[in-house]
Every structure is written in structure tokens, then in C-alpha cells.
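All remarks here apply to the structure that follows.
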Amino acid sequence: MRKPDNQIKEHFLIYQGVNLYLSKKGTIFDAKSFLSDRGHIDFITLNPEDNTLVFKILLVNKEKDFSKRSNWYRSLMNRRVLYTMKWYMQKKKYNSEYRLDIIEAFINKGKIFIKEYEGINIDLLQDNEYIK
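In my numbering, the protein residues as written are 3 to 134.
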């Protein structure tokens with residue numbers, strides 16, 4: 003089922019706002035809107051301090067309350083995300099450390115509220131049952 007046009011526009015505005023937010027923080031982008039045959043990752047960045055590859059997933063909240071994080075839990079073990087992370091690392095031949103960050107965002111009256119959850123460690127070798 004296709005999303006209504008206003009939801010598509012809202013998601014696009016939030017994506018652009020988060021992109022600007024990350025750029026102002028000095029984030030080094032490796033890829034944006036990375037697609038594989040099974041999944042999608044919004045931002046792939048490099049952390050220059052410890053040479054960590056960081057996968058960032060953007061979740062759009064319907065309400066301003068970030069304490070519920072229902073989208074966060076559902077998306078964390080999404081096998082499409084795990085498969086795409088593994089595929090990207092194999093394609094680029096990365097041997098560095100990596101982590102998954104979740105970015106939740108909400109738009110209200112033209113203002114974007116952003117909450118970033120950093121450092122969710124996932125062992126792709128151990129979690130192979132999710133990737134099949």
C-alpha cells in the first residue's frame with residue numbers, strides 16, 4: 003500500500019533535516035540512502051576517533067514522545083537491516099569495528115525534533131540466523 007503524499011513529503015523533510023543535523027556535527031559520510039536487494043540504510047558514516055563504521059537508521063515517530071521507542075525495538079532486529087549491513091561490509095571489504103545507531107525524528111509545525119541512540123553493538127557473525 004502506497005503512503006499518502008503528505009507522509010512522503012514529511013519523511014523527505016525529516017530526512018533532509020537529519021542530514022543537515024549530522025553534517026553540522028561534522029559527520030563523515032561514507033554513504034547515504036544505501037540500498038541493497040533486501041534492505042535500506044539511511045546513513046553510513048565513519049567515526050574518525052576510533053575508525054568505526056557506523057550504520058544509522060532513521061525512524062520517523064508519529065508523536066513527540068521519544069520514551070516509547072516502539073519503532074526502535076522493531077527495527078533493531080529487522081533482518082533486512084542486518085543483511086544490508088553485512089552485505090555493505092563485504093562489498094567494501096571493511097575490517098574495522100562497526101555499530102548501529104538509531105535516529106528517531108518527529109516533525110511538528112515545521113520544526114524537527116531529533117533523538118539519537120548511539121552504540122548498539124551487533125555481532126553479524128553471531129546473528130546469522132536473522133540474516134538468512
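Glycine included, C-beta positions come from ideal geometry on N, C-alpha and C.
Would residue 104 and residue 59 be called neighbours here (beta carbons separated by less than 7 Å)?
In the sequence shown, residue 104 corresponds to position 102, counting from 1. In the sequence shown, residue 59 corresponds to position 57, counting from 1. It is a contact, given that the beta carbons lie within the stated cut-off.
Would you mind sorting residue 63 into buried or exposed? The rule is 16 or more other CB atoms within 10 Å of its CB.
Here residue 63 corresponds to residue number 61 of the sequence shown, with the count starting at 1. Residue 63 should be labelled buried.
Would you call residue 9 buried or exposed, if buried means 16 or more other Cβ atoms sit within 10 Å of its Cβ?
Numbered from 1 along the sequence shown, position 7 holds the residue referred to as residue 9. An exposed status is given to residue 9, since fewer than 16 other beta-carbon atoms sit within 10 Å of its beta-carbon.
One or two residues paired with residue 115 in a DSSP bridge
By 1-based counting over the sequence shown, the position of residue 115 is 113. In the DSSP output, where bridge partners are listed per residue, residue 115 has 108.
Apart from the five residues just before and just after residue 98, which ones in its own chain have a Cβ nearer than 7 Å to its Cβ?
Walking along the sequence shown from the start, residue 98 turns up at place 96. Contacts found: 53, 54 and 55.
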